[in-house]
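Participant: Chains as they are written, first to last, in the numbering used here: chain E, 465 to 822; chain R, 4 to 310; chain S, 264 to 530. Even glycine gets a Cβ: it sits at the ideal position worked out from N, Cα and C. Computed from a prediction, not measured in an experiment: that's the story for all the values here. So that we are looking at the same thing, I have put the structure below in structure tokens.
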């Protein structure tokens, strides 16, 4: 049975340092939820509070509706996948997996059978008697997952499990983890600093910075409608222009910058910076209908499935455009003078940071 | 504390703390305090204990004085209390043993740390360890045989024509020093080896490359790095030598009393446990002072004394 | 230049080894000399008389038994104490840790004579008379330090997240210790037990003052050498040396075999 997790206004202090600052979020049962943020943003601390290794200084952690205060890690319905996996080196694979059952008094025959079942689930048949040192990185990952699943937790907690793997393996494991989550239906809480991972795997993402939750939404929303500059910058690339808000209307405003005045979306804030993603920039030899800037092309680099164009505006401001490599756009040469423009709906005026609830 | 509880639970934490307290308090601290306390009280019959005769004084310590004998220091003869003389000579000769063992151990430690190929190390260590596992008393006994008046050493030297008649080796402090050096030299080798081993060989090569002669490389590069080892080894050897009872008893004679023998006499022959406590405490004090001096001079903490 | 120097060093090593081992051989050789005094010179002919005498010497067997019992008791007590102390100190930091560490290492630096006397006085104060039980307690006070150091060193290579993983999977604290921590520590605990055992057998200074009337091997040999000695002592010495050497050889063979096996697995 998977469970929902409620983080009710929790804070965590280490001496004078506040690592988690009034975080409020409800994670639904059966959801794949990621906490995304840079190192030191507090996501690991949140995980440790949910698993029971730290108690929150303020606020309540509820799992399945139950207040977890005072419950030790071995009493909670959670299972933690450590960053370094923490597999037991002196036990073979099957004993590792069935350890949770062993400590609950299950007999050896049943334990072995269950371990074999789980090995099939994670696609590691015939590995039961191997020692941990004989496994590859990806195989160790799967043993760690099997070990956690063996205790039938309501919540799986994953602490940057893929960070030590190489690129290809990481991408393969992303899909695997997602598949396992769907198959078992257990609530997954995943923490990472890799935005690609978070966006690809999660039902919802919570972006964190300096202990505060910045935004909680599904991946598309996070990417397309970031609520502040931090989220916009952390997830994906941006062109960022400083300036002032002029005429503010319904959900949009005019923004005056050094290289021109542009129309863009505006949220609740009254000031901020202008954010435009490179893939929303278009290049043409003639000026665009609105939001157009004359630029000179500084550099063009071919990156495989897209082309990055670096350009300079009249006053030296650096702008980046990303073009799809499908032959539709004309690829300019360095030194050419062109016009870069963007749609108002694709640009946002965002404050630097804000704090938000679920 | 809270961390410990969290990690191991109440039962286990209590066990760990309990065992440790038992060890440190009951087996180490309390006995030493009792000894210290006893040293201030006079030697009384059981009935008199706690009565009017039972008071604190320095009388037991004063027993180190009295009974003066000649003590010739570098030719000058000074009237010194016999026990005090024994005490001082014990310290002096233990220091000598420490210096000799250092001189002998240093080249060997350097050899093991830097010159020998790492593959042969375990075997060599094993060879060195064997004498260590043979009991201390047997090692002293071996020298007793060798140094005997009509024994093999004299026979060998006479055959080689180095001496014309047998030399009485077992007289004075020489055999005691020889025995102590033999018994404890390995306690200097291993700490030295440990600290030298952590020195990056590149540093030695760099020094040579810059033109440093071998003795200077040792003086300026290797010795400073080996300081923790030197301190550790010196402390062990001095403490073991000053506290040794076996070696001086076997290889010593009436002219070469060792302080531990004095203590043994008082404790076991005279059964004056209070005076024995006082003298034992004096020995402890000397060792502690030596350790402190070593720690100060070599800038080393207690955490560097591991085997 | 280096070649000459290295040769000198090799020579020094050999001389040093000879210096260490020759006296032992002399002592062993005297066990076969048919002379009433233990010596190899003058040589009065081969004999195994002393070994026979040794076999019949009841006091030596008594002393031997006492020594073994004391050593077993010391190992049985020092190992849990040392292990507990190491676990305790590993979980503490800061000034308390340094202070505790100093206290735990200090017994090694106390002369055996002092340990013996202080132990005797303390337990006597509690109306516990002298005897082998006091010898055990006195020896444990410093032998536990060795065990603590060994276990503490081994603890450094332990990954604490393994404990957390076990807890997270539902293990009780006792189960964590039994299944995760102790197995990692077994090598150090084993070494600690061995060291405790052999250090106890070796011990003289502490035992002499605490034993009451009982004999242990070291004390017995000491009294014999002082009073009137025959080469039975040498026979005993030779046997002990041979046993030690056999242990050393066995250890070396096991070590080489382990090394070879390791190479096979990795290669």
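How far does the alpha helix (DSSP H) with residue 204 (chain S) in it reach, from first residue to last?
Facilitator: With chain S covering 264 to 530 only, the question about residue 204 (chain S) has no answer from this structure.
Participant: Can you pull out the residues from the region 102-115 of chain R whose beta carbon lies closer than 7 angstroms to at least one beta carbon of chain S?
Facilitator: So the close ones are 110, 111, 114.
Participant: Do residue 695 (chain E) and residue 686 (chain E) have their CB atoms nearer than 8 angstroms?
Facilitator: As a position in the first chain, residue 695 (chain E) is number 231, starting the count at 1. As a position in the first chain, residue 686 (chain E) is number 222, starting the count at 1. Yes, the Cβ-Cβ distance between residue 695 (chain E) and residue 686 (chain E) is below 8 angstroms.
Participant: Counting Cβ pairs closer than 8 angstroms, one from the region 342-354 of chain S and one from the region 362-380 of chain S, do we hit at least three?
Facilitator: The region 342-354 of chain S, when compared against the region 362-380 of chain S, does touch it at the 8 angstroms Cβ threshold.
Participant: So with Cβ pairs under 8 angstroms, would you call residue 615 (chain E) a contact of chain S?
Facilitator: Reading the first chain from its first residue, position 151 is the one you call residue 615 (chain E). It does: the Cβ of residue 615 (chain E) has a partner Cβ on chain S nearer than 8 angstroms.
Participant: Please look up how many angstroms separate the CB atoms of residue 779 (chain E) and residue 722 (chain E), rounded, as I've assumed it's under 8 angstroms.
Facilitator: Position 315 of the first chain, counted from the first residue, corresponds to residue 779 (chain E). Position 258 of the first chain, counted from the first residue, corresponds to residue 722 (chain E). Contact holds; Cβ gap of about 6 angstroms.
Participant: Kindly indicate which residue of S:459, S:470, S:478 has the alpha-carbon position closest to the one of residue 339 (chain S).
Facilitator: Here the question's residue 339 (chain S) lines up with position 76 in the third chain. It is S:459 whose Cα lies nearest to the Cα of residue 339 (chain S).
Participant: Tell me the start and end of each unbroken beta strand (DSSP E) in the region 506-594 of chain E that is at least 3 residues and wholly inside, in chain order.
Facilitator: 522-527, 542-545, all fully within the region 506-594 of chain E.
Participant: In or out: residue 264 (chain S) buried (at least 16 other Cβ within 10 Å) or exposed?
Facilitator: Reading the third chain from its first residue, position 1 is the one you call residue 264 (chain S). Here the model assigns residue 264 (chain S) a pLDDT of 49, short of 50, so the residue's position is not dependable and the matter cannot be decided.
Participant: Please list, in chain order, all residues of the same chain as residue 548 (chain E) whose beta carbon is under 8 angstroms from its beta carbon, the five residues on each side excluded.
Facilitator: In the first chain, counting from the first residue as 1, residue 548 (chain E) sits at position 84. Cβ within range, chain order: 628.
Participant: Given that residue 468 (chain S) touches chain C, what residues does it touch there, using C-beta distances under 9 angstroms?
Facilitator: Reference to chain C is not applicable here, since the protein chains of this structure are E, R and S.
Participant: Using Cβ-Cβ distances below 8 angstroms, what residues of the region 119-148 of chain R are close to chain S?
Facilitator: Correct list: 119, 125, 126, 127, 129, 130, 131, 132, 133, 134, 136, 137, 138, 139, 140, 141, 142, 144, 145, 146, 147, 148.
Participant: Quick one, which of S:386, S:476, S:311, S:345 has its alpha-carbon nearest residue 24 (chain R)'s?
Facilitator: Along the second chain, read from residue 1 onward, the residue named residue 24 (chain R) stands at position 21. Among S:386, S:476, S:311, S:345, the Cα nearest to that of residue 24 (chain R) belongs to S:345.
Participant: Can you give me the C-alpha to C-alpha distance between residue 503 (chain S) and residue 282 (chain S), rounded to a whole angstrom?
Facilitator: By 1-based counting over the third chain, the position of residue 503 (chain S) is 240. By 1-based counting over the third chain, the position of residue 282 (chain S) is 19. Distance between the alpha carbons of residue 503 (chain S) and residue 282 (chain S): 19 angstroms.
Participant: Closest to residue 270 (chain S) by C-alpha separation, out of R:18, R:236, R:110, R:84, would be which residue?
Facilitator: Locating residue 270 (chain S) in the third chain gives position 7, counting from the first residue. Ranking R:18, R:236, R:110, R:84 by Cα distance to residue 270 (chain S) puts R:110 first.
Participant: Which residue spans inside the region 610-641 of chain E form an unbroken beta strand (DSSP E) run of at least 3?
Facilitator: 619-623, all fully within the region 610-641 of chain E.
Participant: Let's test the definition: count the other Cβ atoms within 10 Å of the Cβ of residue 566 (chain E) and tell me whether it reaches 16, buried, or not, exposed.
Facilitator: On the first chain, position 102 is the one that residue 566 (chain E) refers to. Counting Cβ neighbours within 10 Å, residue 566 (chain E) comes out buried, since at least 16 surround it.
Participant: Distance cutoff 8 angstroms, beta carbons only. Does residue 576 (chain E) sit that close to anything in chain S?
Facilitator: Here the question's residue 576 (chain E) lines up with position 112 in the first chain. With 8 angstroms as the cut-off, residue 576 (chain E) does not count as an interface residue toward chain S.
Participant: Find the nearest neighbour of residue 481 (chain E) within the set E:504, E:527, E:524, judged by alpha-carbon distance.
Facilitator: Along the first chain, read from residue 1 onward, the residue named residue 481 (chain E) stands at position 17. Cα-wise, what sits closest to residue 481 (chain E) is E:504.
Participant: If we cut at 8 angstroms on Cβ distances, does residue 31 (chain R) have a partner in chain S?
Facilitator: As a working mapping, residue 31 (chain R) is identified with position 28 in the second chain. At least one chain S Cβ lies under 8 angstroms of residue 31 (chain R).
Participant: Going along the chain, which residues of its own chain have a beta-carbon closer than 6 angstroms to the beta-carbon of residue 236 (chain R), five neighbours each way excluded?
Facilitator: What you label residue 236 (chain R) is simply residue 233 of the second chain in a count that begins at 1. Closer than 6 angstroms at the Cβ level, and outside the excluded window around residue 236 (chain R), lie 191, 194, 195.
Participant: Should residue 231 (chain R) be labelled buried (16 or more other beta-carbon atoms within 10 Å of its own) or exposed?
Facilitator: Counted from its first residue, the second chain places residue 231 (chain R) at position 228. Buried, because 16 or more other Cβ atoms sit within 10 Å of the Cβ of residue 231 (chain R).
Participant: Could you work out which residues of chain S lie near residue 564 (chain E), taking near to mean beta carbons separated by less than 7 angstroms?
Facilitator: Along the first chain, read from residue 1 onward, the residue named residue 564 (chain E) stands at position 100. What residue 564 (chain E) touches in chain S: 432, 433.
Participant: Please report whether the beta-carbon of residue 187 (chain R) lies at a distance below 8 angstroms from any beta-carbon of chain S.
Facilitator: Working through the second chain from its first residue, we reach residue 187 (chain R) at position 184. False, the Cβ-Cβ gap to chain S never drops below 8 angstroms.
Participant: For a test of the three-state rule: what should DSSP assign to residue 22 (chain R), helix, strand or coil?
Facilitator: Position 19 of the second chain, counted from the start, is the residue given in the question as residue 22 (chain R). Note: residue 22 (chain R) maps to helix in three-state DSSP.
Participant: What three-state label does DSSP hand residue 499 (chain E) in the structure shown?
Facilitator: Counted from its first residue, the first chain places residue 499 (chain E) at position 35. Reduced to three states, the DSSP call for residue 499 (chain E) is strand.
Participant: What is the rounded straight-line gap between the Cα of residue 18 (chain R) and the Cα of residue 559 (chain E)?
Facilitator: If you number the second chain from 1, residue 18 (chain R) lands on position 15. If you number the first chain from 1, residue 559 (chain E) lands on position 95. Answer to the nearest angstrom: the Cα atoms are 29 angstroms apart.
Participant: For residue 246 (chain R), write down the residues that DSSP places opposite it in a beta bridge.
Facilitator: Within the second chain, the letter at position 243 stands for residue 246 (chain R). Note: residue 246 (chain R) sits in no beta bridge, so no partner.
Participant: On the CB-based measure, 16 or more other CB atoms within 10 Å of its CB, does residue 681 (chain E) come out buried or exposed?
Facilitator: Translated into the one-based positions of the first chain, residue 681 (chain E) becomes position 217. With 16 or more other Cβ atoms within 10 Å, it is buried.
Participant: Could you tell me which of E:816, E:624, E:539 sits nearest to residue 430 (chain S), measuring between CA atoms?
Facilitator: For this step, residue 430 (chain S) is matched to residue 167 along the third chain. Of the listed residues, the one whose Cα sits closest to residue 430 (chain S) is E:539.
Participant: Are the CB atoms of residue 465 (chain S) and residue 139 (chain R) nearer to each other than 8 angstroms?
Facilitator: Here residue 465 (chain S) refers to the residue found at position 202 of the third chain. Here residue 139 (chain R) refers to the residue found at position 136 of the second chain. Yes, the pair counts as a contact, with Cβ atoms nearer than the cut-off.
Participant: Is it right to say residue 436 (chain E) is buried, meaning 16 or more other beta carbons lie within 10 angstroms of its own, or is it exposed?
Facilitator: This structure gives no information on residue 436 (chain E), because the portion of chain E shown stretches from 465 to 822.
Participant: Compare the C-alpha of residue 335 (chain S) against each of S:509, S:406, S:418 and name the closest.
Facilitator: Stepping through the third chain from its first residue, residue 335 (chain S) is reached at position 72. Of the listed residues, the one whose Cα sits closest to residue 335 (chain S) is S:406.
Participant: With C-beta atoms as the reference, is residue 644 (chain E) less than 8 angstroms away from residue 511 (chain E)?
Facilitator: For this step, residue 644 (chain E) is matched to residue 180 along the first chain. For this step, residue 511 (chain E) is matched to residue 47 along the first chain. Not in contact: residue 644 (chain E) and residue 511 (chain E) (Cβ atoms no closer than 8 angstroms).
Participant: Please confirm whether any heavy atom of the ligand COA lies closer than 7 angstroms to the CB of residue 117 (chain R).
Facilitator: Only the bare structure without any ligand can be found here, which leaves the ligand COA out of the picture.
Participant: Look up residue 735 (chain E) in the DSSP assignment and say whether it is helix, strand or coil.
Facilitator: As a position in the first chain, residue 735 (chain E) is number 271, starting the count at 1. Reduced to three states, the DSSP call for residue 735 (chain E) is coil.
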